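This is the structure:
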């Protein structure tokens, strides 16, 4: 692969040869990553790049947040101008603090909701914020959160917010982690219907739009889910990657194809994936890290 | 002096990749954001030719593939942007003539790049969507890049010219 970076002796080279080499290099990386699956050598590269780019994303997010929180393009333009005017930084900080107070209050309410979730489910949570979101044109639905292994966040942990299940951690660096959202087409979650405890599998449907929907395939073909029936996680052994009893969404419609005997239910998730902000990562009780754990009873 | 120019380019590509997932997530259209890394690649190719475009496209694509929160098979954006960089470099004589043509090249490149990325997903069965839905994403993505190109192209062309090694006269 390192050959592709090589220069031709004359320095200008033959563009077509360079193209051939780079295309070959890309295909090699793709094959390597696709074939080796979970122990891909590319994961080491991901971790290295992640530990550099992750903090950059966190810092960038911190800079744009006071303005994006308030919404509106004008505020974003203002933020850019203020970045240049470093002398006014102190003054601007105080002003933005006063302006974002209602937003902070809203965030506090979200944290309260998270605390309630911890109390209701009996798990310990590490609170984190979403700092970056994968673009839809990558066709994967992932976000970066600002908590990593230093806070006890590891691969295959459940991520939720006060509305319900968000996704699972697929990789973690020291200070950030990548979360695969349940609406991703490669995400499979075991779900249970609230009314009759029937089990099934939920997959992301992969459709344009911020909200996204899930498809539920029930194991038992004879059961027909009813509208507005709530689906909760069924839970995996030892809670890896999903702990049990987290609400996912409710049945919005049922499609049955005459050819297949099974019926597929369309699930509308409780979580609004377009405005994800504060989330909680489910960690084992007693996890030590640089962040306080939210546990049942501790904040009540 | 020698290391400064590549460092500026690396910084520019990193900024593009970070901005599209951090800043633009607040301005997304149906979850789709402008592909700034692709625009940088196209402008680099227009400014410096197919070879430079392909190499920069490979680097920018690989960064898109491994920088968080990416979770798809690595190499997919790299392949797409290598082709985009090469093709944009081939039409540089026309593209350099006016900003309007350069903007149109960005639009065409956006269509080619996003489509190549989408198709490789089908080949390696990675985050694959239905064809119609993918096409919608491609269209929105092209419109986004076309909307930003009139502002970004002149700016980036200046950066590319400024970072060009001095030619022997």
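Residue numbers (our numbering), protein chains in the order written: chain A, 828 to 1127; chain B, 66 to 234.
We treat Cβ as the ideally placed atom computed from N, Cα and C, and that holds for glycine.
Here the structure is a predicted model, which means the values were calculated and not measured.
- Around residue 878/A, the same chain offers 1000, 1001 as residues with beta carbons nearer than 7 Å, after the five sequence neighbours per side are excluded.
- According to the DSSP assignment, residue 147/B belongs to no beta strand (DSSP E) but to the alpha helix (DSSP H) extending over 141-155.
- Within the segment 876-893 of chain A, those residues whose Cβ lies closer than 8 Å to any Cβ of chain B are, in chain order, 876, 877, 880, 881, 883, 884, 887, 888, 891.
- Listed by position along chain A, the residues whose Cβ is nearer than 8 Å to that of residue 185/B are 857.
- Counting only Cβ-Cβ distances below 8 Å, residue 199/B has contacts in chain A at 966, in chain order.
- The beta-carbon distance between residue 1080/A and residue 1090/A, rounded to whole angstroms, is 11 Å. This is too long to meet the 8 Å contact definition.
- Residue nearest to residue 888/A within the set 90/B, 131/B, 126/B is 90/B (criterion: CA-CA distance).
- DSSP lists 1028/A, 1091/A as the bridge partner or partners of residue 1044/A.
- CA-to-CA, the gap between residue 852/A and residue 951/A works out to about 44 Å.
- Using a Cβ-Cβ cut-off of 9 Å, residue 955/A does not count as an interface residue toward chain B, since no Cβ of chain B sits closer than that to its own.
- Inter-residue distance for residue 119/B and residue 1102/A is about 36 Å (C-alpha atoms, whole angstroms).
- The Cβ of residue 1026/A sits no closer than 9 Å to any Cβ of chain B.
- The DSSP-derived three-state label of residue 1077/A is strand.
- Assignment of residue 127/B by DSSP, reduced to helix, strand and coil, places it in the helix class.
- Three or more pairs of CB atoms, one per stretch, sit closer than 8 Å, so the segment 1064-1081 of chain A contacts the segment 1093-1108 of chain A.
- Annotation for residue 69/B: no beta strand (DSSP E) segment contains it, though the alpha helix (DSSP H) segment containing it runs 69-87.
- Per DSSP, reduced to three states, the secondary structure at residue 984/A is coil, with no helix or strand assignment.
- Distance from the CA of residue 208/B to the CA of residue 1116/A, rounded to the nearest whole angstrom, comes to 44 Å.
- Residue 188/B has its alpha-carbon roughly 22 Å from the corresponding atom of residue 124/B.
- DSSP, reduced to helix, strand and coil, places residue 876/A within a helical segment of the structure shown.
- Residue nearest to residue 127/B within the set 139/B, 134/B, 75/B, 133/B is 139/B (criterion: CA-CA distance).
- Between residue 967/A and residue 982/A, the gap from beta carbon to beta carbon reaches 9 Å or more.
- Residue environment for residue 196/B: exposed (fewer than 16 other C-beta atoms within 10 angstroms of its C-beta).
- The C-beta of residue 871/A has fewer than 16 other C-beta atoms within 10 Å across all chains shown, which makes the residue exposed.
- Proximity of the segment 969-985 of chain A to the segment 106-119 of chain B falls short of the contact definition, fewer than three beta-carbon pairs being nearer than 8 Å.
- Assigned with DSSP and collapsed to three states, residue 215/B falls in helix.
- The beta-carbon of residue 130/B is placed less than 9 Å from the nearest beta-carbon of chain A.
- Closest in C-alpha terms to residue 969/A, from the list 882/A, 1067/A, 1039/A, 978/A, comes 1039/A.
- In the displayed model, residue 1008/A falls within a strand according to three-state DSSP.
- In the same chain as residue 182/B, and ignoring 5 residues on each side of it, the C-beta atoms closer than 7 Å to its own belong to 141, 142, 145, in chain order.
- Taken through DSSP and simplified to helix, strand or coil, residue 969/A comes out as strand.
- Here residue 892/A carries a helix assignment [DSSP, helix/strand/coil].
- Counting other Cβ atoms within 10 Å of its Cβ, residue 894/A reaches 16 or more and is therefore classed as buried.
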